[in-house]
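Accompanying notes for the structure given below.
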Amino acid sequence: MAQTRLLELIAPSGYAPDAEVAQRGIGVLQGLGFSVRNAQAIERRYLRFAGTDDERAAELNQYAGRGHPLPEVVLAVRGGYGAVHLLGKLDYEGLHRRLSGSPVVLCGHSDFTAVQLALLARAHVTTFAGPMLLADFGADDISDFTLSNFQAVLNAPEHTVQWETDDAGGPTVSAAGTLWGGNLAMLCSLLGTPYFPKVDGGILFVEDVNEPPFRVERMLYQLHLAGVLKRQKALVLGQFTEYRLSDYDNGYDFGPMVEHVRGLVGIPIVTGLPFGHTPDKLTLPVGGYAELQSGGTQATMRLSQYPYRSA
């Protein structure tokens, strides 16, 4: 396939610890027909970060200036920690002028959620919660599910996703609104700041890693007590992985936790969304539009109103 599509790497958080994995990911992207720009981002290191705060902020702010050609895709190298350092350094007015309404697909997840929510709140820019260079494109065996969903949103104005929930016998859910969210810990860390989106009537999706059920519940309580959840049409729970129950949890796993939260928040909760720190993940427009239907163990979500590259 001719390499006529431009993809640019950014490293807003932690540095790339494995050059071989990074190069493998670049090779996969090239095989998909992308010309990969800014590969030097995988080499930058400053303490635990992929460069200084100013270096990493400049990498994003270049899209605010008309002198920098816009790529088709901007792809985060990895998450980790450090994106929150950049929020006070971004040119939101310039990014709004250049990116809002453009077909640029800005994609990542995990720690990158901080940047995505800030761009939605301050620049009204829709981004994508989806795969990244190291964990996904650089994987030993890249997920066909992840790859097909990523390519689907690049090339079409609408995309419908389906999944099995953990809600056998649960209520029928029908909701539509702005889709937003991402990593739950990052979402909660921005509460009370100018970088937390004010979304009413939305569909909020969340995921996390290394967080046992009681900690996830605590963060959901925070969103509930702050009045965020009651303003949403629905809450969609993604994957919560790599946690361990202790003896003290006494069986308080995700099942009873979710049922408790259902009785608390007063909005529909749909489980099982294939998104998170897992090999199989959807690509979801943060700031796009979603039409959610769920009943029994089946859920569908029609995605629209997001950036894509028309033929």
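Anchor point for the sequence shown: position 67 equals 67 in UniProt numbering, and the numbering is continuous, going up by one each time. We put the CB at the ideal spot given by N, CA and C, even for glycine. These numbers were taken from a predicted model, which means no experiment stands behind them.
Using a threshold of 8 Å, state whether the C-beta atoms of residue i and residue j are closer than that.
i: residue 319; j: V74; result: With the chain covering 1 to 311 only, the question about residue 319 has no answer from this structure.
i: P279; j: F254; result: no
i: F112; j: P131; result: no
i: L273; j: L303; result: no
i: L282; j: V199; result: no
i: R309; j: E72; result: yes
i: R24; j: G182; result: no
i: H224; j: L190; result: no
i: V216; j: M257; result: yes
i: S143; j: G79; result: no
i: D208; j: L229; result: no
i: L6; j: L29; result: no
Terminal residues of the continuous beta strand (DSSP E) containing residue i?
i: Q298; result: 298-304
i: G295; result: 289-295
i: P256; result: No beta strand (DSSP E) contains P256, which is instead part of the alpha helix (DSSP H) from 254-265.
i: P285; result: 284-286
Between residue i and residue j, which are expected to be in contact by the criterion C-beta below 8 Å, what is the C-beta distance as a whole number of angstroms?
i: L179; j: V286; result: 7 Å
i: L9; j: L133; result: 6 Å
i: L117; j: P17; result: No, L117 and P17 are not in contact; Cβ-Cβ is about 26 Å, not under 8 Å.
i: G65; j: G88; result: Actually they are not in contact, since the Cβ atoms of G65 and G88 sit about 19 Å apart, beyond 8 Å.
i: E164; j: Q298; result: 7 Å
i: R48; j: A11; result: 12 Å between Cβ atoms; not a contact.
i: A57; j: L99; result: Between L99 and A57 the Cβ distance is about 15 Å, and since that is not below 8 Å, they are no contact.
i: G276; j: T300; result: No, G276 and T300 are not in contact; Cβ-Cβ is about 19 Å, not under 8 Å.
i: L90; j: L70; result: With a Cβ gap of about 16 Å, L90 and L70 do not count as contacting.
i: A123; j: H96; result: 4 Å
i: A50; j: Y15; result: 4 Å
i: A83; j: V115; result: 5 Å
i: G170; j: G296; result: 7 Å
i: Y243; j: E291; result: About 31 Å separates the two Cβ atoms, so there is no contact after all.
Assuming residue i is part of the alpha helix (DSSP H), what are its boundary residues?
i: A156; result: Segment: none, A156 is in no alpha helix (DSSP H) and carries neither H nor E.
Original post:
Between the stretch 152-168 and the stretch 32-43, do three or more beta carbon pairs fall short of 8 Å?
Top reply: Short answer: they don't touch.
Subject >> Ranges of the beta strand (DSSP E) found wholly within the stretch 205-251, counting only runs of at least 3 >> reply: Qualifying beta strand (DSSP E) stretches, in chain order: 234-241.
Original post:
Considering only residues of the UniProt domain "LD-carboxypeptidase N-terminal" (9-130), which uninterrupted alpha helix (DSSP H) runs meet the minimum length of 4 residues and lie entirely inside it, listed in chain order?
Top reply: DSSP runs (the alpha helix (DSSP H)) wholly in the UniProt domain "LD-carboxypeptidase N-terminal" (9-130): 19-31, 53-61, 92-99, 113-118.
**OP:** Could you tell me whether the stretch 171-190 touches the stretch 222-242, where touching means 3 or more Cβ pairs closer than 8 Å?
**Re:** Judged by Cβ distances under 8 Å, the stretch 171-190 makes contact with the stretch 222-242, as three or more pairs qualify.
**OP:** Please confirm if the stretch 200-208 is in contact with the stretch 244-263, defined as three or more CB-CB distances below 8 Å between the two stretches.
**Re:** With the cut-off at 8 Å, the stretch 200-208 and the stretch 244-263 do not touch.
Original post:
What runs of the alpha helix (DSSP H), each 4 residues or longer, lie entirely inside the stretch 171-207?
Top reply: Within the stretch 171-207, the complete alpha helix (DSSP H) runs of at least 4 residues are 184-189.
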